Every structure is written in C-alpha cells, then in structure tokens.
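Numbered by the working numbering, the letters in the sequence shown go through residues 1073 to 1403 in order.
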Amino acid sequence: MSYEDAGVTHSVFADDLAGREAAFQAKIDAGIAIEPQDWMAEGYRKMLIRQISQHAHSEIIGQLPEGGWITRAPSLERKAILLAKVQDEAGHGLYLYGAAETLGVSREQLIAELHDGKSKYSSIFNYPVLTWADVGAIGWLVDGAAIINQTSLCRCSYGPYARAMVRICKEESFHQRQGYDVMWRLCQGTEKQKAMAQEALDRWWWPCLMMFGPADADSVHSMQSMAWKIKIHSNDALRQRMVDQTVPQAEYLGLRVPDPDLRWNPARDHYDFGAIDWHEFHRVIAGEGPCNHERLATRVRAAEEGAWFREALAAYAEKQSGAECRNEVKR
Ligand code: BYC
C-alpha cells in the first residue's frame, strides 16, 4: 500500500521535514554538536562534504610545494624539521578524509573528484616555491593563515570536523613557528639573505590574504554556512585578523609588507589595507594559476605509481584480519 493509499498526504511529510529542520537548527543555535549518527539537513551534509573534502585536498596538495625542498634544505636540522612538517600535512589530510567519511562518502570518491578537477583545493598551493625563503614564508604566512581559519573551525557545529581541527591546530602552530624561525634567521643574516626574505614576503603576502576566500559580499556559501555554524567567522573578518596579527611580526623581522595602502586605523582599531586582486584569485581557482597543472599532474602520477603499494597494504590487512578471525574461532 502506498502512503497516498494510506491517506498520508505529501504535506504531512513536508511538515515532518520542516519540523526536523527546525529542531536541527535549534540544536545548532543552542551550541549542541552534531554527530554522524544524528539526523541532519541534507544541505548541511553536502556543505560539510564540500568544505571538508576541499580542506583535505589542500592538505595533501599542500605537501607538494614544500616537499620539493626537502632535499635542498640548507642543513640536516632544517631537512629533518621540514620532513616532519610535510609528513604532518599528510596526517591532516587523513584526519579530514576520515571526518568526511563519517558523512557517507568514501575517500576513493573524494580523491577521484580531486583528480578529475571537479573538487577544489586551496588557491595558495598553485604558486611556485622559488627559494628557501619561500619555504620560510609558507610556514610563517600560509600556516599562519591556516591557524587563524582553523582555530575558528575548532568551534564548528559538526563534531568530527571540530575535533580534527583541535589536533591540526596544535601541529600548525609548530609549522608556523618553524617558518618564522627560517625568516628570522635569514633576516639576521647577510644583506642578500635579508633581501631573499623580503622577496618571499612580497610574493606570498597577497596570495595568503586570498586564502580566506572572496570578500563577504561575493561569498556564495558564507551566509548559510554561518547559520549552520560550519563557519564561525566570515572571510573578511578572518582576513582582517590575519593582517592585524602579521604586520607586527613583519615589523619585528625588519621586513616591509608590500602594500602602500597599509596603515593602522585607530578609529577602527585595525589595519586598513589595499585592494586584493580578485581577478588573480578567480583565475587561480579556475585552474589557471602558475602551478595548477603541475600540482594536479604530480598528485595523479603519485597516486598511479603508488597503487601497487596500497593494494599490497590492503591485501596484507585482509590477510591479518582473516588470521585474527581464525584465532578468535580457535579461542
Ligand atoms: N582557494 O562562498 P565561499 C593548509 C572557493 S590547508 C580555492 O566564500 P566557503 C596547509 C570556495 O570553495 C588550508 N577555492 O566558500 C596545508 C567556493 O567554491 P565552490 C585549507 C576557494 O567554503 C599544507 C567559492 O570559492 N584550509 O593550511 O564558504 C601546508 C566561493 O567561496 C578559496 C581550508 O580549506 C581558496 N582560497 O569559504 C601548509 C579551511 N576560497 O566550493 C598549509 C576550510 C574560496 O562553491 N575551508 N574558494 O566551488 C574554509 O574555511 C572555507 O571553505 C573557505 C571558503 C574560507 C576557504
């Protein structure tokens, strides 16, 4: 018997759905975390999958720019530190793919969407890393921007994402400090080294401000995302925080922020800063940045060349779990 035959009309379902959505929103408004087993609005689930998967992709693509410098780091100590940092980023990708999987998508599916170019990753990783100072600037500025964004995400309404962020933020703090330390050492060095640090800041400053996404007025998802407390602060609010925190750090290094319009505004209690080149941002996220093609091709090649290893791991795990089951039966 169909629902209609049973006298249940469509509007009963619509009322039921509206009721569930209202209860869901009330839970979010009350600051109660949403967990994987809880009922959730379909749009909320999709919004989370989009953001968490883009975030996960950013972590693993984000290994590539610095990964290329592991063999060229200037000392054994720097090499060990950089190696640890790049490995941490793989771990972040793992936590985030795990968080996305709690929403009913598989990691394989998400990675296929990255490789097909259907899913985005952060614009920042499409810029070249030309010198050792760029490695320092990435740690200082890119990880610095990531901490500002992710500290806010620790209070996100979805439990698994918020919890992943807590651990990631701790590791990002180490990354940011190591980057600042690279810059500090260069700035204490020869004139040539200091100039190298300045050029790196010149190259990375504006792309780092773009990491926070389009201006609030142009942000497609912010309003709904903030209503669901996936995002806690708007793109512009976090970008302002980045400028306010980073300018004094640059001054301490003795470097100049490449923005002629940058000045402290006592009336706002914030720095005013110049206009962002949104044309460049849109070009990069549309796949036409300086390194988009190279990054994606490297990632796809790594996945293809590593397929045999993943298969071997899966076969071993299957064999182990079979043996464990047999032992269980014997006991
Ligand atoms: N790059 O409506 P909006 C790291 C897209 S990893 C590319 O404001 P939303 C690290 C946006 O996706 C750091 N695309 O979107 C790793 C949307 O497109 P779709 C990564 C961008 O989601 C290794 C459209 O523009 N962090 O730190 O509300 C080594 C409209 O934007 C970007 C995260 O992923 C961008 N920069 O806000 C070192 C944090 N910005 O999906 C370091 C989590 C915007 O409609 N993500 N777009 O096609 C977020 O907080 C938010 O997703 C964003 C954007 C603030 C990035």
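Ideal Cβ placement from N, Cα and C applies to all residues, glycine included.
Only a predicted model underlies this, so the values are computations on that prediction, with no experimental measurement involved.
For the segment 1193-1222, the full-length alpha helix (DSSP H) segments reaching 4 residues or more read 1204-1209 along the chain. Judged by the Cβ position, Val1319 fails to qualify as a neighbour of the ligand BYC at the 7 Å threshold, every heavy atom of the ligand being at least this far. For Arg1335, the enclosing beta strand (DSSP E) begins and ends at Arg1335 to Asn1337.
Apart from sequence neighbours up to five positions away, the residues of its chain that approach Leu1213 with a beta-carbon distance below 8 Å are Gly1251, Leu1273, Trp1276, Trp1277, Cys1280 and Thr1318, ordered along the chain. For Glu1173, same chain residues with a beta-carbon under 8 Å away, outside a window of 5 residues either side, are Arg1179 in chain order.
Fewer than three Cβ pairs drawn from the segment 1232-1249 and the segment 1362-1369 lie within less than 8 Å of each other, which leaves the two stretches out of contact. Per DSSP, the beta-bridge partners of Ile1106 are Tyr1230.
In the structure shown, His1351 adopts helical secondary structure according to DSSP, grouped into three states. Put simply, the backbone Cα of Thr1143 is about 44 Å away from that of Cys1397.
For the pair of segments examined, the segment 1287-1296 was found not to touch the segment 1230-1248: the number of CB pairs separated by less than 8 Å stays below three. In the DSSP assignment, His1293 forms no beta bridge with any residue.
At the C-beta level, Gln1270 and Arg1335 stay beyond 8 Å of one another. DSSP places His1129 in the uninterrupted alpha helix (DSSP H) bounded by Glu1114 to Ile1133. Excluding sequence positions up to five before and after Ile1240, its CB lies within less than 7 Å of the CB of His1164, Tyr1167 and Gln1222, all in the same chain and listed in chain order. For the ligand BYC, a non-hydrogen atom lies closer than 7 Å to the CB of Asn1221. In the three-state reduction of the DSSP assignment, His1342 falls in the strand class, which pools E and B.
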